[in-house]
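Taking it in order: structure first as structure tokens, then the write-up.
2 protein chains.
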Amino acid sequence: FVKLNNIYKTYKMGDVSIKALKNVEMEIEAGSFVSIVGPSGSGKSTVLNLIGCLDQPTSGSILIENQQVQDLNKKQRADFRGQNLGFVFQNFNLIPVLSVYENVEYPLLMIKNEDSKNHRERILSLLDAVGVIDQKDKRPHQISGGQMQRVAVARALVTQPKIVIADEPTANLDHDTAFKIIDLMKRMKDQEKTTFVFSTHDPKIIGEAEIIYTLEDGTIQNREDRRDN
Amino acid sequence: FVKLNNIYKTYKMGDVSIKALKNVEMEIEAGSFVSIVGPSGSGKSTVLNLIGCLDQPTSGSILIENQQVQDLNKKQRADFRGQNLGFVFQNFNLIPVLSVYENVEYPLLMIKNEDSKNHRERILSLLDAVGVIDQKDKRPHQISGGQMQRVAVARALVTQPKIVIADEPTANLDHDTAFKIIDLMKRMKDQEKTTFVFSTHDPKIIGEAEIIYTLEDGTIQNREDRRDN
Ligand SMILES: Nc1ncnc2c1ncn2[C@@H]1O[C@H](COP(=O)(O)OP(=O)(O)OP(=O)(O)O)[C@@H](O)[C@H]1O
Ligand SMILES: Nc1ncnc2c1ncn2[C@@H]1O[C@H](COP(=O)(O)OP(=O)(O)OP(=O)(O)O)[C@@H](O)[C@H]1O
Ligand SMILES: [Mg+2]
Ligand SMILES: [Mg+2]
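Chain order of the listed sequences is A and B. Going by this note's numbering, the first sequence opens with residue 415, and the numbers climb by one from there. Going by this note's numbering, the second sequence opens with residue 415, and the numbers climb by one from there.
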């Protein structure tokens, strides 16, 4: 469950103030499939970084799974992320010195209370599901852009987080591969009740969402609930 | 004018050989608008890197503007690129310590024989054409993913190169912004006779191409010439 209340995000550059988000309100039920759409520069990554606890709002509150997260300190936010969230970055952010397999394994090593018996099986099964199992021993610079993107998706899912935040997760993928990823996410939603919040520019991916928030110039223009159709 | 003859690109990883490109043949006329399509991992970036002289084939020849480029050494390739080519990278590759303006200016500083009187005007006009002029004094980490992509496009065009190679140049852009970029490229093609070779997953961008090469698993499956329609 995610609730954004009266969210403002302002960047100060010298005397200039850039209002990236203004009075953003969002309510996301557990287990839903939510898409955030809007032009380049409208604030989608900024919203996702706030939900993902990678950034703090200038003002306003963010409730995630009954935890107010806007006032957590850096260490508390890192712990909260490790326990609850998975994040697919717009620029993937893979670790260059680790192999594809090790990149996906990494979040599992960060959670202390998980027993590691089933880890290998889970990692291999995710790599296979996103279609990069043949690349598992390569390093990020030895694979294609779309392969990197899929490794980033697998990494976000490996800890079976409550909420997955994905910033344009299919931007570098062809139609068929993109749908493979979307189907994987929907399977996790159905089986694990994972909540998915993702931004995308792709109309066919937007078409898969239950709820669509439209952003423009930092404000929410529209919220569409398609579940009644 | 670009001609790829019997191109092979093989990556050696221990005892394993990965044939990323097999017997690729391509012929691109000056001033044409060529799209390379195919699934993630099929070899598009590899082909573009070869045309862009950022990489060398394992075997085969590459003729660009009457210059055989496959046997040029590193320095010769860098000079050839600076004089003739513009490249939009799949991951943008902006220089973090330079502002948006300075990133676009950079290739102009690398060409020694250009007089710099009109540079500022050209840079500002390109920044405006791709829609990022308000971001010109920011650094790459202070702008959105799609804004970075557009800065990368502006940078590839600023030296008015003979050939522009663009690796998924609209992946991070919404529909309207993507078409702004495509229209800018078509204007340059018409006015400057620039050749454009780009990869994309986006059907509506593919629809703008005159010639479409389809790649699959490292080999060319099809070449479609749509100019007779
Ligand atoms: N340095 C390398 N070493 C080993 N394999 C590589 C290397 N670089 C690329 N490859 C492999 O070559 C194949 C083609 O890669 P390429 O980046 O050209 O694909 P692409 O068509 O651009 O894919 P995408 O649409 O995902 O960007 C991929 O399977 C990739 O893993
Ligand atoms: N650190 C920063 N300092 C100043 N401005 C910033 C900073 N980060 C982002 N911005 C600005 O905030 C606005 C929103 O950025 P954001 O990355 O959220 O857009 P977006 O909707 O994700 O765009 P895209 O579709 O291009 O990825 C942009 O205009 C951007 O330039
Ligand atoms: Mg973004
Ligand atoms: Mg590629």
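Virtual Cβ for every residue (Gly too), placed ideally from N, Cα, C.
Does ligand 3 have a heavy atom nearer than 7 Å to the CB of B/Q647? Outside the shown range of chain B, which is 415 to 643, sits residue 647 of chain B, and nothing can be said about it.
Which runs of the beta strand (DSSP E) at least 3 residues long sit entirely within the segment 482–507 of chain B? Give them in chain order. Entirely contained in the segment 482–507 of chain B, the beta strand (DSSP E) runs reaching 3 residues are, in chain order, 499–502.
With 8 Å set as the bound, which would you pick, yes or no: does the beta-carbon of B/G559 sit closer than that to a beta-carbon of chain A? Indexing the second sequence from 1 puts residue 559 of chain B at position 145. Answer yes: the Cβ-Cβ gap between B/G559 and chain A drops below 8 Å somewhere.
Neighbour flag for A/E582 against chain B, beta carbons, 8 Å: Sequence index remark: in the first sequence, residue 582 of chain A carries index 168 (1-based). Using a Cβ-Cβ cut-off of 8 Å, A/E582 counts as an interface residue toward chain B, since at least one Cβ of chain B sits closer than that to its own.
Hey, quick one: how far does the beta strand (DSSP E) through A/I432 stretch, first residue to last? For the purposes of this step, residue 432 of chain A is taken as residue 18 along the first sequence, with counting starting at 1. Start and end: V430 to I442.
In this structure, how does DSSP classify A/G452 when only helix, strand and coil are distinguished? Position 38 of the first sequence holds residue 452 of chain A. It is coil, neither helix nor strand.
How do the segment 542–551 of chain B and the segment 494–508 of chain B stand: do at least 3 beta-carbon pairs fall below 8 Å, yes or no? Pairwise C-beta distances place the segment 542–551 of chain B out of contact with the segment 494–508 of chain B, as fewer than three of them are shorter than 8 Å.
Three-way DSSP call (helix, strand, coil) for B/R601 in this model: The count along the second sequence starts at 1 and reaches residue 601 of chain B at position 187. The three-state secondary structure of B/R601, taken from DSSP, is helix.
Cutoff 8 Å: A/A543 Cβ touching any chain B Cβ: For the purposes of this step, residue 543 of chain A is identified with residue 129 of the first sequence, where counting begins at 1. Proximity of A/A543 to chain B, defined by a Cβ-Cβ separation below 8 Å, is not satisfied.
Could you have a look at B/S610 and say whether DSSP puts it in helix, strand or coil? Taking the first residue of the second sequence as 1, we reach residue 610 of chain B at position 196. Note on identity: in this sequence residue 610 of chain B is Phe, with Ser being the wrong assignment. Residue state, collapsed to three classes: strand.
Consider the C-beta atom of A/K552 and the heavy atoms of ligand 4; say whether any pair is separated by less than 7 Å. As a first step, residue 552 of chain A is located in the first sequence; it is residue number 138 there, counting from the start. Checking every heavy atom of ligand 4 against the Cβ of A/K552, none is found closer than 7 Å.
So, is A/L523 buried or exposed, given that buried needs 16 or more other C-beta atoms within 10 angstroms? The residue labelled residue 523 of chain A in the question sits at position 109 within the first sequence. By the 10 Å Cβ count, A/L523 comes out exposed.
What is the DSSP secondary structure of A/L538, reduced to helix, strand or coil? Working through the first sequence from its first residue, we reach residue 538 of chain A at position 124. A/L538 falls in the helix class under three-state DSSP.
Please state if the CB of B/G445 and the CB of B/K603 are separated by a distance shorter than 8 Å. Looking up residue 603 of chain B in the second sequence gives position 189. Looking up residue 445 of chain B in the second sequence gives position 31. Cβ atoms of B/K603 and B/G445: closer than 8 Å.
Cβ of A/N463 within 8 Å of Cβ of A/E439? For the purposes of this step, residue 463 of chain A is taken as the residue at position 49 of the first sequence. For the purposes of this step, residue 439 of chain A is taken as the residue at position 25 of the first sequence. No; because the gap between Cβ atoms is not below 8 Å, this pair is not in contact.
What is the chain-ordered set of residues for which the beta carbon lies under 6 Å from any non-hydrogen atom of ligand 4? In chain order, the qualifying residues are A/S558, A/G559, B/K458, B/S459, B/Q504 and B/D581.
Does at least one heavy atom of ligand 1 sit under 7 Å from the Cβ of B/G466? Mapped onto the second sequence, residue 466 of chain B falls at position 52. No - ligand 1 has no heavy atom lying nearer than 7 Å to the Cβ of B/G466.
Determine the extent of the beta strand (DSSP E) in which B/A623 is found, giving its start and end residues. Position 209 of the second sequence, counting from 1, holds the residue named residue 623 of chain B. Counting along the chain, B/A623 falls outside any beta strand (DSSP E), and DSSP gives it neither H nor E.
So what does DSSP say about B/D581, is it helix, strand or coil? On the second sequence, position 167 is the one that residue 581 of chain B refers to. The answer is strand: DSSP assigns B/D581 an E or B state.
Contact defined as beta carbons within less than 8 Å: I believe B/I442 pairs with B/T609. What is the distance between those atoms, to the nearest angstrom? Residue mapping note: residue 442 of chain B aligns to position 28 of the second sequence, counting from 1. Residue mapping note: residue 609 of chain B aligns to position 195 of the second sequence, counting from 1. The Cβ separation is near 6 Å, so the contact holds.
Min CB distance B/P510 to chain A below 8 Å: Residue 510 of chain B sits at position 96 when you count from the first residue of the second sequence. Closer than 8 Å: no.
Tell me the DSSP secondary structure of B/G474 in three-state form. If you number the second sequence from 1, residue 474 of chain B lands on position 60. Note: B/G474 maps to strand in three-state DSSP.
Of the residues that make up the segment 588–607 of chain B, which ones have a beta carbon closer than 9 Å to any beta carbon in chain A? So the list reads D588, H589, D590, T591 and A592, given in the order they occur along the chain.
Assuming A/T591 contacts B/P453 (C-beta within less than 8 Å), just tell me the rounded distance between them. The sequence position of residue 591 of chain A within the first sequence is 177, counting from 1. The sequence position of residue 453 of chain B within the second sequence is 39, counting from 1. Right, their Cβ atoms sit about 6 Å apart.
Tell me the DSSP secondary structure of A/T573 in three-state form. The residue given as residue 573 of chain A occupies position 159 in the first sequence. In the structure shown, the three-state DSSP call for A/T573 is coil.
Can you confirm whether B/H555, when its beta carbon is compared against all beta carbons of chain A, has any partner nearer than 8 Å? For the purposes of this step, residue 555 of chain B is taken as residue 141 along the second sequence, with counting starting at 1. False, the Cβ-Cβ gap to chain A never drops below 8 Å.
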